[in-house]
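Okay, so here's the structure we're looking at.
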Amino acid sequence: MTGVSEGSQQRGSLKNEVYRITLWNTLLFASLMGLYYWFARLRLGYTFSAMLLQPVVIAVFVGLLLGNMQTAMIIGAGMQLVYLGVTSTPGGNVPSDPALAACISIPIAVKAGMDPNLAIALAIPFGVIGVFLDQLRRTLNAAWVHMADKHAETANMAGIMRCAFLYPALLGLVLRFPVVFAANYFGQDVVESFLKLMPHWLTHSFEIMGGILPALGFAITIMVIGKKSLLPWFIGGFFAVLYLKVDIMAMAIFGTCVAFLIKGLAKNEGAA
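Letter by letter, the sequence shown follows residues 40 to 311 of the working numbering.
Laid out in structure tokens, this is it:
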């Protein structure tokens, strides 16, 4: 009886140790993702920060942390296509926040073993939440402007610098870190439970929508460039790769040849 009791205690101790390690890893991962999103949004150099905010770059960070680079990159690359044409409007506002969508959906999808297309579709609402979060940040940051005015009256340069850099950064940490942390800490269990409750037809519908969304990203890119006449080429190439199973490299070579042919024909017509 003593041996059985000792064995049970050892198994119980081992389970507790595994639970503590898992809990620590989850806390650490959620904290790192929250800090990444906050740091990327600090805008420390527009080129550098713009790179960190891209879903495909976030996928590399997630893949390194979770040890599943392939799955993370597949989801991140698909998500990158969706947000390919997202640019800032006057005032720096964006219609969606791809960084928040990626920081939440990619880790959850990788850990839950979610279909990439489904993960891409579920990322869209998080991108919209990021817009409202940024609007709240801008509203609250107005307080530092009035505070800086008071420091300017007394020629307090240190106070002005704090209002310009330190306080907005701390406010961003307070607003942005908890959202990503909570989503990564609690999100996997919530998403898995939600997916189990969803009927198969609804899940499949999200997967189809996730497969089509990259084409929408291409379309937005064309609209941004201003060449609407190129839209059929983008759509045709996308669906050829998706449904005809044409290799991407082969499609790229074919598209390059077609582009040169069209350019040559247009040049000849202009000369005539």
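C-beta atoms are modelled at their ideal positions from N, C-alpha and C, and glycine is treated no differently. Since this is a predicted model, take the numbers as computed values, not measurements.
Take residue i and list the residues in its own chain whose beta-carbon comes closer than 7 Å to its own, dropping the five residues that flank it on each side.
i      : result
ILE97  : GLY115, ALA138, ALA141, CYS142 and ILE145
ILE199 : ALA187, HIS190 and ALA191
What is the DSSP secondary structure of residue i, counted as helix, strand or coil?
i      : result
SER135 : coil
MET186 : helix
THR61  : helix
LYS284 : coil
ASP228 : helix
ASP154 : coil
ASP76  : Reading off the sequence, residue 76 comes out as Tyr, not Asp. Of the three classes helix, strand and coil, the one that applies to TYR76 here is helix, per DSSP.
GLY84  : coil
Grab me the residues of residue i's own chain with a C-beta within less than 6 Å of its C-beta, minus the 5 sequence neighbours each way, in chain order.
i      : result
VAL219 : MET72, GLY73, TYR76 and CYS142
Using the C-alpha atoms, what's the distance from residue j back to residue i?
i      : j      : result
TRP183 : ALA197 : 13 Å
PHE273 : PHE165 : 26 Å
ASP154 : MET112 : 13 Å
MET118 : MET90  : 15 Å
ASP136 : GLN93  : 10 Å
LEU300 : ILE287 : 20 Å
THR178 : ILE163 : 24 Å
Under DSSP, the alpha helix (DSSP H) around residue i begins and ends at which residues?
i      : result
VAL95  : 94-105
THR193 : Taken as a continuous stretch (DSSP letters only), THR193 belongs to no alpha helix (DSSP H), as it is neither H nor E.
LEU120 : 108-121
Among residues of its own chain, excluding the 5 on either side of residue i, which ones have a beta-carbon nearer than 8 Å to its beta-carbon?
i      : result
THR193 : none
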